[in-house]
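Accompanying notes for the structure given below.
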Amino acid sequence: MHYARELSKYIQVDIYGTCGTLRCPRSQSQACFDMLDEDYKFYLAFENSNCKDYITEKFFVNGLGHNVLPIVMGAHPTDYARSAPYRSYIHVDEFESPKELAEYLHRLDRDDELYNSYFRWKGTGEFINTYFWCRVCAMLHDDRPPKFYKDVNDWWRGDGICTTTSWREHDSVRAGNLKNT
1 MHYARELSKY IQVDIYGTCG TLRCPRSQSQ ACFDMLDEDY KFYLAFENSN CKDYITEKFF
61 VNGLGHNVLP IVMGAHPTDY ARSAPYRSYI HVDEFESPKE LAEYLHRLDR DDELYNSYFR
121 WKGTGEFINT YFWCRVCAML HDDRPPKFYK DVNDWWRGDG ICTTTSWREH DSVRAGNLKN
181 T
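For the sequence shown, counting from 1, position 156 maps to 156 in full-length UniProt numbering; every step adds exactly one.
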């Protein structure tokens with residue numbers, strides 16, 4: 001929550017769920033998504049864990065699946081670049097501080113052409129991560145000896161897999177939303 005709190009000093013941030021004061025019950029998910037599409041320009045798709053390749057529905061469903069620009073924090077920027085269409089999101093690591101990010105979001109809010117440039121991918125026919133089955137097939141036909149881990153925790157939380165030391169190094173922050181201004 002540190003990053004979202006710091007960001008809220010420079011731009012309005014609406015936080016839904018247990019970490020915030022606003023509610024949108026899961027039982028009314030369609031109404032919540034309609035509100036997201038109609039009332040917001042940006043969506044903070046901040047992951048609960050900041051680990052290699054850990055990108056969840058906060059980004060793919062809540063962010064890319066709606067007419068909002070996802071602002072992401074969690075996995076490393078290269079993980080997002082491998083998984084998402086070009087220029088379909090903004091990673092917090094592109095900015096030196098929450099203040100700098102807020103300044104850019106204000107600029108996007110005022111400049112429709114620049115804001116809309118983040119949605120051009122929707123008209124390209126580009127799919128998100130479509131090569132999954134090709135990779136599975138290649139792995140099945142790979143003759144190299146299999147690699148295995150005796151302790152799944154070592155694999156999941158090994159050195160360099162997850163970070164928690166500061167927002168700049170992918171600090172844990174939960175999802176929130178930026179109100180359309």
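Virtual Cβ for every residue (Gly too), placed ideally from N, Cα, C. Computed from a predicted model, the values in this text were never measured in an experiment.
Item                                                                                                                                                  : Value
Quick check: the Cα distance between PHE95 and VAL152, rounded to an integer number of angstroms?                                                     : 34 Å
Is ASP14 helix, strand or coil when you go by DSSP?                                                                                                   : strand
Can you tell me which residues form a DSSP beta bridge with PHE46?                                                                                    : MET73
Let me know the secondary structure DSSP gives HIS106 once reduced to three states.                                                                   : helix
THR56 to GLU47, Cα distance in whole Å?                                                                                                               : 7 Å
Quick check on the burial criterion: 16 or more other C-beta atoms within 10 angstroms. Buried or exposed for PRO25?                                  : exposed
Going by C-alpha distance, which of ARG110, ARG107, LEU101 is nearest GLU6?                                                                           : LEU101
In chain order, what residues of the same chain lie with their CB nearer than 6 Å to the CB of GLY63, ignoring the 5 residues before and after it?    : TYR43, ALA45, PRO70
Around the Cβ of VAL136, are there at least 16 other Cβ atoms within 10 angstroms (buried) or fewer (exposed)?                                        : exposed
Checking the sheet assignment: what are the DSSP bridge partners for CYS51?                                                                           : CYS162
Is TYR149 helix, strand or coil by DSSP?                                                                                                              : coil
Can you give me the Cβ contacts of ALA31 inside the same chain, cut-off strictly under 8 Å, excluding the 5 residues immediately before and after it? : CYS24
Quick one: Cα of LEU108 to Cα of ASN116, how far?                                                                                                     : 9 Å
Between which two residues does the alpha helix (DSSP H) holding PHE119 run?                                                                          : It is not in any alpha helix (DSSP H) - PHE119 carries neither H nor E in the DSSP assignment.
The alpha helix (DSSP H) with GLN30 in it runs from where to where?                                                                                   : 29-39
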